[in-house]
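Counting in this note's numbering, the sequence shown runs from 153 upward without gaps. Below: one structure, written as structure tokens.
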Amino acid sequence: MRIPWQTAKDEAFKALRDLIRLDTTNPPGNERIAADYLAEAMGRHGLDSTIKESAPTRANLVSRIKGNNTGNAPILLSSHTDVVPVEPAGWSRPAFAAEIADGCVWGRGALDMKSKCAMDLVVMTAIARAGAVPNRDVIMAAVADEEAGSDHGARFLVERHPELIRAGWVLNEVGGFTIYMGDRRYYTIQIAEKGFVTVKMTVNAPPGHGSMPRRDTAIGKMAALLTKITNTPMSMRVTPFMKKMLTELGVPLDNPGPLFRPMMGNTVTPTILRAGYKDNVIPGEASVILDGRTVPGEDPESFVAELRSIVGPEPKFELVKTAPPAETSPETELFKLIRERVEANDPGAHAIPWMIPGATDNKFYGKLGAQCYGFVPVKLEPHLPFGSLFHGNDERLPIEGFYWGLRVYAEVVLKFVGVKFDEVFA
Ligand SMILES: [Zn+2]
153 MRIPWQTAKD
163 EAFKALRDLI
173 RLDTTNPPGN
183 ERIAADYLAE
193 AMGRHGLDST
203 IKESAPTRAN
213 LVSRIKGNNT
223 GNAPILLSSH
233 TDVVPVEPAG
243 WSRPAFAAEI
253 ADGCVWGRGA
263 LDMKSKCAMD
273 LVVMTAIARA
283 GAVPNRDVIM
293 AAVADEEAGS
303 DHGARFLVER
313 HPELIRAGWV
323 LNEVGGFTIY
333 MGDRRYYTIQ
343 IAEKGFVTVK
353 MTVNAPPGHG
363 SMPRRDTAIG
373 KMAALLTKIT
383 NTPMSMRVTP
393 FMKKMLTELG
403 VPLDNPGPLF
413 RPMMGNTVTP
423 TILRAGYKDN
433 VIPGEASVIL
443 DGRTVPGEDP
453 ESFVAELRSI
463 VGPEPKFELV
473 KTAPPAETSP
483 ETELFKLIRE
493 RVEANDPGAH
503 AIPWMIPGAT
513 DNKFYGKLGA
523 QCYGFVPVKL
533 EPHLPFGSLF
543 HGNDERLPIE
553 GFYWGLRVYA
563 EVVLKFVGVK
573 FDEVFA
């Protein structure tokens with residue numbers, strides 16, 4: 153049975169709104185409600201799914217449509233069902249009501265990334281309902297815990313259930329949105345992401361009484377070190393891909409601006425500062441958590457060496473957690489197909505390879521040998537820049553831009569798995 157395109161749009165939009173209304177704020181996550189919702193929706197259309205819990209209420213849903221065994225590597229369509237917390241006072245509308253206003257659906261997760269859960273659900277169930285047989289397995293994963301390090305989500309699946317999700321190709325976040333540079337319009341296709349190196353830095357000095365001031369206290373030393381870190385940018389390390397991307401965009405390499413500078417080298421940001429326990433005691437220790445990010449080609453050792461050169465020999469370092477950077481070639485059949493479908497659906501726009509300064513689940517899928525891209529297509533108007541919506545107050549998604557993205561996404565996935573668009577949709 154072919155699905156009328158209007159029905160597909162309606163189903164995707166309803167699923168998106170339903171999912172926004174399921175509060176999966178992480179922490180604590182509670183992604184089980186989203187996994188159950190998706191499993192029920194898939195079951196209604198005759199599609200089986202498996203739910204793997206990594207802990208109570210931390211659920212990961214996986215479903216697979218078998219291909220015709222032509223030896224092509226499977227494609228994994230992945231999304232995460234958890235969302236970051238909200239500060240309700242900063243929102244103009246409730247964050248979990250999926251209200252419609254100004255042409256947008258409002259709510260936490262509208263953009264990051266329940267929109268793709270909904271797209272994946274519709275593409276998967278449409279293939280199943282049409283009875284189409286792809287030329288490779290198509291796997292859908294809707295995972296927990298991406299916003300808090302993925303231990304209960306993608307990392308859990310990769311380490312504990314790799315057979316469920318092993319694929320040659322992955323479509324996941326973050327990419328596919330419109331950016332405007334001058335009078336030109338681009339769509340970002342994420343091919344690279346930075347790694348992270350989280351370091352606890354500690355300094356010590358003799359404690360004392362607060363009534364007897366001294367210069368050499370732990371807090372004083374820490375203040376000087378933080379000033380140094382904040383005032384000393386880590387050195388530029390422009391990867392060949394970034395150089396090509398920036399040149400294509402016409403961004404000057406020596407003055408890239410705040411959007412691109414974090415992609416052009418390692419960075420370090422102090423995030424949690426601790427010292428002291430009593431108002432009249434000079435503490436003997438002060439510590440800070442440093443959020444370090446590494447570009448492809450760098451590792452924790454090279455990062456720590458550069459950090460050491462900034463702060464000098466005294467402070468103690470302790471590695472809290474690390475994950476490597478990741479980069480996939482844009483010279484693949486899937487990337488070329490993405491570019492072709494995006495540009496065909498928005499004439500005049502250009503699809504470009506993109507690096508994100510943050511981290512995604514692609515890190516973990518890459519360990520299983522997959523070529524991973526961030527591609528959640530959505531057409532954004534200039535007054536709604538992606539950066540202000542992603543994890544921001546008043547997160548919302550333009551409804552027409554979502555429908556546009558659903559169409560592009562369905563075209564890419566179906567073509568890549570050898571199924572004609574009009575074999576599935578009418
Ligand atoms: Zn996300």
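Each residue gets a CB set at the ideal place from its N, CA and C atoms; glycine is no exception. These numbers come from a predicted model, not from an experiment.
Cβ-heavy atom distance, residue i to ligand 1, below 6 Å
| i | result |
| --- | --- |
| M374 | no |
| E325 | yes |
| D272 | no |
| D451 | no |
| D264 | yes |
Bounding residues of the alpha helix (DSSP H) (the contiguous stretch that carries residue i)
| i | result |
| --- | --- |
| E610 | Nothing about residue 610 can be reported from this structure: the residues present for the chain run from 153 to 578 only. |
| M386 | Note, M386: premise wrong, no alpha helix (DSSP H); not H, not E. |
| G557 | I551 to F568 |
| T159 | W157 to R173 |
| M271 | K266 to A282 |
| V576 | F573 to V576 |
| L541 | F538 to L541 |
Extent of the continuous beta strand (DSSP E) to which residue i belongs
| i | result |
| --- | --- |
| M353 | G347 to N356 |
| V452 | The sequence given here places Pro at residue 452; Val does not occur at that position. Not the beta strand (DSSP E): P452 falls in the alpha helix (DSSP H), residues P452 to V463. |
| A438 | E437 to T446 |
| I203 | T202 to A207 |
| A247 | Note, A247: premise wrong, no beta strand (DSSP E); not H, not E. |
| M292 | V290 to V295 |
| N497 | That residue, N497, is in no beta strand (DSSP E); its alpha helix (DSSP H) goes E485 to N497. |
| N324 | W321 to N324 |
| A475 | K468 to A475 |
| A211 | R210 to I217 |
| Y517 | Y517 -> not in any beta strand (DSSP E); alpha helix (DSSP H) instead, spanning N514 to K519. |
| Y189 | From DSSP, Y189 is part of no beta strand (DSSP E) but of the alpha helix (DSSP H) over R184 to R196. |
| V257 | C256 to W258 |
| T369 | That residue, T369, is in no beta strand (DSSP E); it is neither H nor E in DSSP. |
| M507 | H502 to I508 |
Inter-residue CB distance, residue i and residue j (contact presumed, cutoff 8 Å)
| i | j | result |
| --- | --- | --- |
| N324 | G510 | Rounded, the Cβ-Cβ distance is 13 Å, inconsistent with contact. |
| Y517 | A306 | 7 Å |
| L471 | P452 | 6 Å |
| E575 | A282 | 6 Å |
| L273 | T202 | 15 Å between Cβ atoms; not a contact. |
| I381 | V463 | 7 Å |
| E552 | G255 | 7 Å |
| S267 | L549 | 6 Å |
| M394 | M507 | 6 Å |
| A438 | V355 | 6 Å |
| Y339 | A496 | Their Cβ separation, rounded to whole angstroms, is 12 Å, which puts Y339 and A496 out of contact at 8 Å. |
| V349 | T446 | 6 Å |
| G219 | D289 | 5 Å |
Cβ of residue i within 7 Å of any chain C Cβ
| i | result |
| --- | --- |
| T399 | The chain inventory of the structure shown lacks chain C, comprising one protein chain alone. |
(request) Assess, as a yes-or-no matter, whether the stretch 315-335 is touched by the stretch 228-243 under the definition of 3 or more beta carbon pairs within less than 8 Å. (result) yes
(message) Does the stretch 358-371 come into contact with the stretch 332-350, if we say contact requires no fewer than three beta-carbon pairs (one atom in each stretch) closer than 8 Å?
(response) no
(message) Counting beta carbon pairs with one atom in the stretch 168-182 and one in the stretch 235-255, are three or more of them shorter than 8 Å?
(response) yes
(request) Would you check if the stretch 560-569 and the stretch 362-375 touch, i.e. whether three or more CB-CB distances between them fall below 8 Å? (result) no
(request) Please determine if the stretch 261-274 and the stretch 472-489 are in contact, where contact requires at least 3 C-beta pairs separated by less than 8 Å. (result) no
(message) Check whether the stretch 379-397 and the stretch 413-431 are in contact - that is, three or more C-beta pairs closer than 8 Å.
(response) yes
(message) Would the stretch 201-218 count as touching the stretch 288-298 if we require 3 or more Cβ pairs under 8 Å?
(response) yes
(request) Examine the Cβ distances between the stretch 425-438 and the stretch 485-496 and report whether three or more of them are shorter than 8 Å. (result) no
(request) Specify whether the stretch 177-191 and the stretch 235-243 touch according to this definition: at least 3 beta carbon pairs, one from each stretch, less than 8 Å apart. (result) yes
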